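Undergrad: Residues 376 to 678 (our numbering) are what the sequence shown spells out, left to right.
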Amino acid sequence: MSDFTDSLVAMKDATEELVQAKEVFESIYEGYQGALDESIQTLRNLERYAQAVGKNTLSVTAEAIVSDLAVGDEISLIISNTNDEALVSLDVNAQGAKSIVNVTAANQLFAGALVKVRYDGTAFYVIEQINPKTGNAVADIGKLVTDTTDLLSIGEVALNGAELNRTEFAIAWAKIKNTSNLIDQATKDADPITYGGYWGEGNGVTTFTLPIVGGEFIRMFDDGRGVDAGRGFADYQSDLTKIPNGVILRVSNFGNGDGSYDLSGTSTSANGNDLHTAPRGNSSEVYYETRPRNIAYYGKTRL
């Protein structure tokens, strides 16, 4: 009987040990599960963005970073106000303002843009700035895009003078309102050829209009170089043919000709410095402008 009792006691003790072991394992599992859940939540937080407060001195509260910034940390934030100074800083979770070093001029961080910055241990760098509504890079917004197709992708518009809403296309307007080729709409409408290269102010309150590039050649802005002096940015320039710099040497008499110039029996003057006009030629294609061979492709921009 004693052996049987001893066996029961031993079994009871073993069972209690198993129960205790189970509780220990469950506790460990719950701890690991909790840590895993926290890690997953941290990853989710990294994908979220914070709303930046301020214009040149920005501050955000980021869920992904609790206390200390670490090298390589990336933070996504929505810009509330376009910067108007060259020096911009960011304070994350009240850890102190740190410079965003690759912002070097006003109008580089645009209101409404989704910006991703990376911390290098001492400062932040902007590594991405996009329009969250279209996915387009802010650097491409307003840029002339030449396309071999006549199809518009998401977030693209033809540069045809169309009127757009300033609120719907807030980032584009944030850029355009600071450019030098934005003019009064009445001026643009009065002469759309001369002012086709300009953005228009639209109704002056809620809209703006696109440039018009259809049928035009694009020439790089001289910017003080002197090759194309006297023109402002986006100014129109009409067609022009350079005057030939030369003379026809004296010949006593022309016979019947059959070339570009048909001068039958015409004599030059004694000094051999005559001007002969030829409004139409016999062997070359002519029109009332000078142009090179060309292909008509699509001109558009991204918003």
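No residue lacks a Cβ here, since even glycine has one placed at the ideal position from N, Cα and C.
Remember, predicted model here, so these are calculated numbers, not experimental data.
1) DSSP puts SER451 in a beta bridge; with which residues?
2) Measure the beta-carbon distance from ASN553 to THR581 and round it to whole angstroms, keeping in mind my assumption that it falls under 8 Å.
3) Report yes or no: do three or more beta-carbon pairs, one from the region 555-565 and one from the region 486-495, lie closer than 8 Å?
4) Assuming GLY674 contacts LEU452 under a Cβ cut-off of 8 Å, what Cβ separation, rounded to an integer in Å, is found between them?
5) Rounded to whole angstroms, what is the Cα-Cα separation between ASN578 and ALA472?
6) If you follow the beta strand (DSSP E) that ASP522 is in, where does it begin and where does it stop?
7) Only counting the same chain, and skipping five residues up and downstream in sequence, which positions put a Cβ closer than 6 Å to that of GLU664?
8) To which residues of the same chain is GLU503 closer than 6 Å at the C-beta, ignoring the five residues directly before and after it?
9) May I have the straight-line CA-CA distance separating ILE568 from TYR611, to the nearest angstrom?
10) Report the residue from ILE551, ASN506 and ALA425 whose alpha carbon sits nearest the alpha carbon of GLN586.
11) Can you list, in chain order, the residues of its chain with a C-beta nearer than 8 Å to that of SER464? Leave out the 5 residues immediately preceding and following it.
12) For a quick check, are the C-beta atoms of LEU484 and VAL501 less than 9 Å apart?
13) CA-CA distance, GLU449 and GLY536?
14) Per DSSP, ARG677 forms a beta bridge with which residues?
15) Quickly, what does DSSP pair GLU503 with across the bridge? List them, please.
16) Starting from the C-beta of ILE516, find all residues in its chain whose C-beta is less than 7 Å away, skip the five residues before and the five after it, and write them out in chain order.
17) From which residue to which residue does the alpha helix (DSSP H) around THR497 run?
18) From this set, GLY575, LYS563 and LYS508, which residue's C-alpha is nearest GLU543's C-alpha?
19) Using a Cβ-Cβ cut-off of 8 Å (strictly less than) and excluding sequence neighbours within five positions of ASN458, which residues of its own chain qualify?
20) Kindly list the residues whose CB is nearer than 8 Å to the CB of VAL435, restricted to its own chain and excluding five residues on each side of it in sequence; keep chain order.
21) To the nearest angstrom, report how far apart THR616 and ARG666 are at their CA atoms.
TA: Per the coordinate set shown:
1) TYR424 and LYS491
2) Not really, about 18 Å apart at Cβ, beyond 8 Å.
3) Too few Cβ pairs lie closer than 8 Å, so no.
4) Going by Cβ atoms, the distance from GLY674 to LEU452 rounds to 33 Å, so no, they are not a contact pair.
5) 40 Å
6) 520-522
7) ASP614
8) LYS491
9) The straight-line gap from Cα to Cα measures roughly 8 Å.
10) Per the sequence presented here, residue 586 reads as Pro, with Gln not at that position. Checked all of ILE551, ASN506 and ALA425; the closest Cα to PRO586 is ILE551.
11) ASN431, THR432, LEU433, ALA472, LYS473, SER474 and ILE475
12) yes
13) Approximately 39 Å between the Cα atoms of the pair.
14) ILE516 and GLU531
15) LYS491
16) ASN506, ILE546, ALA547, LYS550, ARG677 and LEU678
17) Here THR497 belongs to no alpha helix (DSSP H), and DSSP marks it neither H nor E.
18) Out of GLY575, LYS563 and LYS508, LYS508 has the C-alpha closest to the C-alpha of GLU543.
19) LYS430, ASN431, VAL478, ALA481, ASN482, GLN483 and LEU484
20) ALA425, GLN426, ALA427, VAL428, ILE450, LEU452, LEU465, ASP466, VAL467 and ASN468
21) 9 Å
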